[in-house]
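Below: the structure, in structure tokens.
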Amino acid sequence: MTLEIIQTRLHAACTAANRDPQTVTLIAVSKIQPIDRLRAVLSGGHKIYGENYVQETAQKWPDLRAEFGPVQVHMIGPLQSNKAKQAMDLFDAIHTLDRASLATKLATLAQSRGQCPDLFIQINTGSEPQKAGVLPQGADDFIATARALDLPIRGLMCIPPEDEIATPHFETLAQIAARNDLSGLSMGMSSDFESAITAGATHIRVGSAIFGARVYA
Ligand SMILES: *Cc1c(COP(=O)(O)O)cnc(C)c1O
């Protein structure tokens, strides 16, 4: 199974980087994938998945959880504030906290619920105008603001620019995390997860390399 190939590569990258494979969480990104591909990976026993869309998650994961037992599902796509409440019900972690208004909203919801998914702050390491995320120069302030709201900030997340070498972006993310005492680093996808592991990734988000290419309707 392809998942096993990815796990083997994950282990090899950890060995090369002198890291314990237990410190790297493999998030299998299942957005848009046909349900039979997802079932195959669930049957193989994998327990941690990533999704981009609240609606798609609400449609497929309650049934899959009933069928396969407890699994973690992580939100890795942009989150609209009006879907924040639903997202808190569906997800074990949200990797895309990217603005103050969403932080405030999540904090209000967390207080009334008495719990909150683990949160990662998305940093726009390439300062790309079309991309979500806090700009690197605003990161320290934003992290402080989110912490002041009592939000469970576990780490940082980035999606490097498509046309650039990813490693410098991973290193920027690791530096921002280190100087803010954050241990989580959500970085690395199918094409670059090994270099992300070298740079310190704790959560890699791998989709097409596990499930095959996504076919958008
Ligand atoms: C879709 C997606 C992934 C997975 O991408 P692949 O190239 O298929 O591994 C990872 N992270 C985010 C934020 C995504 O949207």
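So the number in the numbering used here is just where the residue sits in the sequence shown, counting from 1, plus 1.
All residues carry an ideal CB built from backbone N, CA and C; glycine is no exception.
Rounded to whole angstroms, what is the Cα-Cα separation between GLU57 and ASN83?
What you label residue 57 is simply residue 56 of the sequence shown in a count that begins at 1. What you label residue 83 is simply residue 82 of the sequence shown in a count that begins at 1. For GLU57 and ASN83, the distance between alpha carbons rounds to 16 angstroms.
For a quick check, are the C-beta atoms of MET190 and ARG215 less than 8 angstroms apart?
Walking along the sequence shown from the start, residue 190 turns up at place 189. Walking along the sequence shown from the start, residue 215 turns up at place 214. No, the pair does not count as a contact, with Cβ atoms beyond the cut-off.
Check this for me: beta carbons of ASP99 and ALA133, under 8 angstroms apart or not?
For the purposes of this step, residue 99 is identified with residue 98 of the sequence shown, where counting begins at 1. For the purposes of this step, residue 133 is identified with residue 132 of the sequence shown, where counting begins at 1. Contact flag set, yes.
Skipping 5 residues on each side, what residues in its chain have a beta carbon closer than 6 angstroms to that of SER44?
Start at 1 with the first residue of the sequence shown, and residue 44 comes out as number 43. Nothing listed; no residue qualifies.
Could you give the C-beta distance for CYS159 and ILE198, rounded to a whole number, given that I count them as a contact under 8 angstroms?
As a first step, residue 159 is located in the sequence shown; it is residue number 158 there, counting from the start. As a first step, residue 198 is located in the sequence shown; it is residue number 197 there, counting from the start. That pair is no contact at about 14 angstroms.
With a threshold of 16 other CB atoms inside 10 Å of the CB of GLN34, please say whether the residue is buried or exposed.
Position 33 of the sequence shown, counted from the first residue, corresponds to residue 34. With 16 or more Cβ atoms within 10 Å of its Cβ, GLN34 is classed as buried.
Within the present structure, is the beta-carbon of MET188 separated from the nearest heavy atom of ligand 1 by less than 7 angstroms?
For the purposes of this step, residue 188 is identified with residue 187 of the sequence shown, where counting begins at 1. No - ligand 1 has no heavy atom lying nearer than 7 angstroms to the Cβ of MET188.
Count Cβ pairs between the stretch 173-181 and the stretch 3-19 that sit closer than 8 angstroms; are there 3 or more?
no
Since VAL72 contacts TYR50 with CB under 8 angstroms, what's their CB separation in whole angstroms?
In the sequence shown, counting from the first residue as 1, residue 72 sits at position 71. In the sequence shown, counting from the first residue as 1, residue 50 sits at position 49. Indeed they touch by this definition, with Cβ atoms about 6 angstroms apart.
Which residue or residues does DSSP assign as beta-bridge partners of TYR217?
Working through the sequence shown from its first residue, we reach residue 217 at position 216. In the DSSP output, where bridge partners are listed per residue, TYR217 has none listed.
Span of the beta strand (DSSP E) holding MET158?
What you label residue 158 is simply residue 157 of the sequence shown in a count that begins at 1. Here the beta strand (DSSP E) through MET158 covers 154-158.
Taking 8 angstroms as the cut-off, decide whether the C-beta atoms of ALA85 and LEU110 are in contact.
Looking up residue 85 in the sequence shown gives position 84. Looking up residue 110 in the sequence shown gives position 109. Against a cut-off of 8 angstroms, the Cβ pair of LEU110 and ALA85 comes out as a contact.
I need the boundaries of the beta strand (DSSP E) containing LEU98, first residue and last residue.
Translated into positions along the sequence shown, residue 98 becomes position 97. Unbroken beta strand (DSSP E) run through LEU98: 94-98.
Please report how far the alpha carbon of ASP37 lies from the alpha carbon of ASP141, in whole angstroms.
Counted from its first residue, the sequence shown places residue 37 at position 36. Counted from its first residue, the sequence shown places residue 141 at position 140. About 43 angstroms.
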